[in-house]
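Note that the protein sequences, when read in sequence, are chains Z and G. Here the first sequence stands for residues 1 to 181, numbered as in full-length UniProt numbering. Here the second sequence stands for residues 1 to 552, numbered as in full-length UniProt numbering. Structure record follows, encoded as structure tokens.
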Amino acid sequence: MNSNPRRHALRLVLVTAGMFGFGYALVPLYNMLCDAFGINGKVATTAARVGTVEVDRSRTVTVEFVTTVNGGRPWKFRAEQASIDVHPGQLYTVNFYATNTEGHDLVAQAVPQVAPWDAAKHLRKTECFCFNNQTFKAGEEKRMPVVFMLDPELPAYVDRVTLSYTFFDVTDVAMQQNRGT
Amino acid sequence: MAHHDTHADHAHDDHHGPEKGIMRWIKTTNHKDLGTLYLFFAFTMFFIGGLMSLVIRAELFVPGLQFVQPEFFNQMTTMHALVMIFGGVMPAFVGLANWMVPMMIGCSDLALPRVNNWGFWILPFAFGLLLSTLFMDGGAPAGGWTMYPPLVLQTGEAFPFLIFAVHLMGISSITGAINVVVTILNMRAPGMTLLKMPLFVWTWLITAYLLIAVMPVLAGAVTMLLTDKYFGTSFFTASGGGDPVLFQHIFWFFGHPEVYIMILPAFGIVSTIIPTFARKALFGYDSMVYATASIAFLSFIVWAHHMFTVGMPLAGELFFMFATMLIAVPTGVKVFNWVATMWKGSMTFETPMLFALGFVFLFTIGGFSGLMLAITPVDFQYHDTYFVVAHFHYVLVPGAVFSIIAAVYYWIPKWTGRMYNEFWGKVHFWLSAIFINLTFFPQHFAGLAGMQRRVPDYAVQFTDWNVISSIGAFGFFAAQFIFIINILACCYGWFGRKQGLPARVWEGAHGLEWTVPSPAPYHTFEDPPQVTEAELTAVHDKTDALDGHKLA
Ligand code: HEM
Ligand SMILES: [Cu+2]
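In structure tokens:
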């Protein structure tokens with residue numbers, strides 16, 4: 001029998017430390033898997049390159065827009081239209097409007113999300129207000145165009161795609177970063 | 001418990017008895033003392049958590065808001081769960097392991113007695129921190145025991161207390177688990193090979209590995225919450241590029257094995273008690289061990305069945321559905337083995353046996369509702385309703401808690417040398433069994449009809465079920481005082497209860513713990529015992545070896 005309990009216990013302490021690390025390792029692992037399979041509805045937050053793609057006029061897909069402001073803040077935030085019918089392969093522009101109704105300046109960050117999940121990687125955006133922080137003066141209204149296309153590889157069963165944006169207040173974080181640089 | 005020191009035929013006179021007074025309990029490294037402390041602590045927590053559940057049931061007695069504000073109601077559901085899981089069930093099982101594992105494998109103490117002392121004394125601090133949040137500005141944590149962000153990040157001053165309390169509970173559990181593994185793997189009496197160990201020892205060995213594997217993951221997850229809130233990281237903050245769903249994955253990677261941490265020792269207890277009162281060897285010992293190990297393994301690959309509705313790829317939903325259903329196979333093996341053990345046995349129905357039988361029957365109901373929940377498409381209807389509440393309470397209360405009660409009745413004569421009162425034990429069982437079903441069975445119906453969990457109010461159509469459920473809850477709570485008095489009377493010799501039981505208190509019981517006097521002396525097995533065939537028959541199918549003992 002294993003006759004050194006102390007050493008055995010130390011080995012188990014190492015395993016414990018290892019599992020603590022494993023918990024942290026799950027973070028990059030999760031992000032890698034999600035990116036690889038495009039499975040959490042996350043959309044690229046940098047501009048996509050759109051080469052010349054053949055437009056598929058035989059197919060029409062409805063793209064719906066959902067806008068949310070996080071944490072019950074009173075800002076106004078909407079898309080100029082609730083939905084748009086598109087042909088895969090063609091670029092479209094849709095304007096979003098946001099108003100800072102509060103009495104002070106703020107910095108906001110929009111986080112996009114796409115449903116169904118397997119449409120996410122086929123939604124390509126060349127321009128989006130979600131690529132960067134947006135600064136709003138007190139009471140300022142902004143018009144923010146989004147330029148996007150659905151690539152023709154979009155799974156055949158998908159006839160409706162929902163693109164949702166949530167605006168978060170990131171003023172504190174942005175201030176800290178500015179001070180840092 | 002008390003009075004070991006007065007025991008006359010102390011087996012080892014060369015050893016001193018315990019110290020006197022409070023310092024005995026603070027400084028003790030004795031596994032029996034610590035087992036007692038753990039059990040007293042656990043039952044205190046059961047009482048506090050029970051009071052919280054009564055606040056919940058009082059509020060839900062009829063629709064509308066009667067007694068408490070919604071904020072406080074949410075604090076109660078959150079704290080109730082944390083106190084019961086980490087303060088009640090887990091420490092109770094650790095207490096039983098402390099008392100019984102060394103006596104079952106024939107060693108004198110756990111391998112690391114000082115660590116054992118620390119492991120216990122961390123707990124009062126952990127729960128002191130946690131319970132103190134009830135008196136803070138903004139109140140106690142109210143985002144649910146699952147601590148999902150972003151909601152939990154809105155917790156007020158209580159937040160860091162919650163996180164540090166979880167860290168402390170985790171450290172306590174991990175030290176306990178390491179101690180159990182090292183003891184079992186290094187200190188068994190000669191002749192006690194792995195596949196001859198009593199099942200309680202086996203299930204605890206596997207539970208301990210589960211604890212070592214997943215408690216650190218929980219610690220990591222709550223540390224990430226802490227840094228997200230105070231140090232500007234964004235593991236789970238969407239605006240910073242994080243993902244709140246990631247927390248759910250990490251949490252349930254801990255959480256599902258955690259539910260098995262709370263049930264595997266119960267399997268061990270029931271596998272010990274049923275053979276004693278059926279007067280037969282346990283049916284299918286080896287398959288019990290393998291089933292326990294398979295359950296432990298499977299518990300790592302089913303976590304996302306708690307997340308069917310967050311939006312997963314179809315392949316994921318299917319995988320987690322089938323993997324979850326697979327767990328029913330080894331679980332079924334166990335249930336059939338228990339039934340087969342009773343088959344043609346000469347059974348008697350003393351209180352521990354009644355609780356063990358109640359366990360088999362009612363735990364199985366919880367297993368069935370679990371199978372229903374595992375079916376992804378219907379879980380979209382059941383998720384976050386009272387059906388889920390009914391499911392996990394069936395596996396946890398008439399499951400884990402009944403097994404703890406059964407264990408206390410079964411071993412209290414060995415611990416104190418005094419027999420509990422059988423009549424009141426039976427009354428306790430029947431009241432508990434009736435009231436627990438009154439409490440939780442109607443919740444299945446309320447849940448199927450659409451009543452949401454974690455909400456202080458509900459639509460009037462659910463009133464009848466809730467009235468019954470609340471009556472059941474108050475009845476169950478009241479019935480437990482019978483138990484407390486019965487057990488304390490054994491500890492302190494109330495009602496003229498005398499010591500003087502034989503070593504083998506139950507004539508059908510086998511195992512090394514029944515070869516030492518009752519009450520068990522303060523020090524047992526200072527020299528490794530001779531493990532005889534008769535004591536191993538408890539674990540083996542070979543009935544011919546039973547000759548040494550009376551077969552009714
Ligand atoms: C055959 C075995 C089991 C199966 C198939 C099963 C399945 C499930 C499923 C699918 C859920 C998620 C339901 C939902 O949230 O929509 C669930 C929840 C739960 N189960 Fe089980 N389960 C089993 C055994 C157990 C055992 C043995 C325990 C504990 C001793 C347990 C404790 C819980 C708890 C605490 C929850 C709810 C967690 C929460 O959301 O707060 N289950 N179970
Ligand atoms: Cu689970």
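For every residue, glycine included, the Cβ atom is placed at its ideal position computed from N, Cα and C.
What span of residues does the alpha helix (DSSP H) with residue i cover, start to end?
| i | result |
| --- | --- |
| G/Phe387 | Tyr386 to Val395 |
| G/Ala433 | Glu422 to Leu448 |
| G/Tyr522 | Per DSSP, G/Tyr522 belongs to no alpha helix (DSSP H) and is neither H nor E. |
| residue 563 of chain G | Here chain G comprises residues numbered 1 to 552, so residue 563 of chain G is not present and cannot be evaluated. |
| G/Val408 | Phe402 to Thr416 |
| G/Gly530 | Here residue 530 of chain G is Gln; the residue named in the question, Gly, does not match the sequence. G/Gln530 -> no alpha helix (DSSP H), and no H or E assigned at all. |
| G/Ala92 | Met90 to Ile105 |
At the level of alpha carbons, what is the spacing between residue i and residue j?
| i | j | result |
| --- | --- | --- |
| Z/Leu91 | Z/Thr126 | 9 Å |
| G/Thr155 | G/Phe43 | 28 Å |
| G/Gly139 | G/Val55 | 16 Å |
| Z/Arg143 | Z/Ala98 | 7 Å |
| residue 605 of chain G | G/Ala406 | Absent from the model: residue 605 of chain G. The displayed extent of chain G is 1 to 552, so no value can be given. |
| G/Ile22 | G/Gln248 | 43 Å |
| residue 188 of chain Z | G/Ala177 | As shown, chain Z starts at 1 and ends at 181. That puts residue 188 of chain Z outside it, with no answer to give. |
| G/Leu96 | Z/Val161 | 56 Å |
| G/Leu226 | G/Ile174 | 21 Å |
| G/Phe440 | G/Ile48 | 20 Å |
| G/Asp228 | G/Leu396 | 32 Å |
| Z/Glu54 | G/Thr324 | 45 Å |
| G/Lys27 | Z/Ala115 | 59 Å |
| G/Ile295 | Z/Asp118 | 33 Å |
| Z/Glu140 | Z/Thr101 | 8 Å |
| G/Gly268 | G/Ala534 | 20 Å |
| G/Gly370 | G/Ala315 | 21 Å |
Is residue i close to chain G? Criterion is C-beta to C-beta, closer than 7 Å.
| i | result |
| --- | --- |
| Z/Ala156 | no |
| Z/His8 | yes |
| Z/Val15 | yes |
| Z/Asn2 | Unreliable positioning characterises Z/Asn2 in this predicted model, as indicated by a pLDDT of 49, which lies under 50. A coordinate reading is not provided. |
| Z/Phe168 | yes |
| Z/Leu106 | no |
| Z/Val161 | no |
| Z/Gly23 | yes |
| Z/Phe131 | no |
| Z/Phe20 | yes |
| residue 182 of chain Z | Residue 182 of chain Z lies beyond the range of chain Z shown here (1 to 181); nothing can be said about it. |
Using only the heavy atoms of ligand 3, determine whether one of them is closer than 6 Å to the beta carbon of residue i.
| i | result |
| --- | --- |
| G/Met79 | Because ligand 3 does not appear in the structure shown, any question about it cannot be addressed here, the ligands present being ligand 1 and ligand 2. |
Using C-beta distances below 6 Å, list every residue in its chain close to residue i, excluding the 5 sequence neighbours before and after it, in chain order.
| i | result |
| --- | --- |
| Z/Thr166 | Thr68, Asn70 and Val111 |
| Z/Gln134 | Ala108 |
| G/His383 | Thr309 |
| G/Arg504 | Trp514 |
Check whether chain Z comes within 7 Å of residue i, counting only Cβ atoms and requiring the distance to be less than that.
| i | result |
| --- | --- |
| G/Leu162 | no |
| G/Ala213 | yes |
| G/Ile250 | yes |
| G/Pro216 | yes |
| G/Leu205 | no |
| G/Pro528 | no |
| G/Leu246 | yes |
| G/Val182 | yes |
| G/Pro313 | yes |
| G/Gly220 | yes |
| G/Asn186 | yes |
| G/Ser172 | no |
| G/Asp13 | Its pLDDT being 42, under 50, G/Asp13 is placed unreliably by the model, and the measurement read from it follows with that caveat. Judged by the 7 Å Cβ criterion, G/Asp13 is not in contact with chain Z. |
Just reading off the beta strand (DSSP E) that residue i is part of, what are its end residues?
| i | result |
| --- | --- |
| Z/Thr166 | Arg160 to Asp169 |
| G/Ala140 | Here G/Ala140 belongs to no beta strand (DSSP E), and DSSP marks it neither H nor E. |
Looking only at its own chain, which residues have a Cβ that is under 7 Å from the Cβ of residue i, when we skip the five neighbours before and after it?
| i | result |
| --- | --- |
| G/Lys426 | Thr351 and Leu354 |
| G/Trp25 | Asp33 and Leu37 |
| Z/Ala48 | Arg124, Lys125 and Thr126 |
| G/Ala238 | Pro244 |
| G/Ile122 | Leu168, Ile171 and Ser172 |
| G/Glu422 | Glu350 and Thr351 |
Between residue i and the rest of its own chain, which residues show a CB-CB distance below 8 Å, the 5 nearest in sequence each way excluded?
| i | result |
| --- | --- |
| G/Leu134 | Gln75, Met79 and Ala140 |
| G/Ile206 | Leu264, Thr292, Ala293 and Ala296 |
Could you work out which residues of chain B lie near residue i, taking near to mean beta carbons separated by less than 8 Å?
| i | result |
| --- | --- |
| Z/Gln81 | Protein chains Z and G are contained in the structure displayed, whereas chain B is not. |
Strictly closer than 6 Å from CB to any heavy atom of ligand 1: give me those residues in the order they appear in the chain. G/Thr146, G/Val259, G/Met262, G/Ile263, G/His305, G/His306, G/Thr324, G/Ile327, G/Ala328, G/Thr331, G/Gly367, G/Gly370, G/Leu371, G/Leu373, G/Ala374, G/Asp379, G/Tyr382, G/His383, G/Val388, G/His391, G/Phe392, G/Val395, G/Leu396, G/Gly399 and G/Ala400
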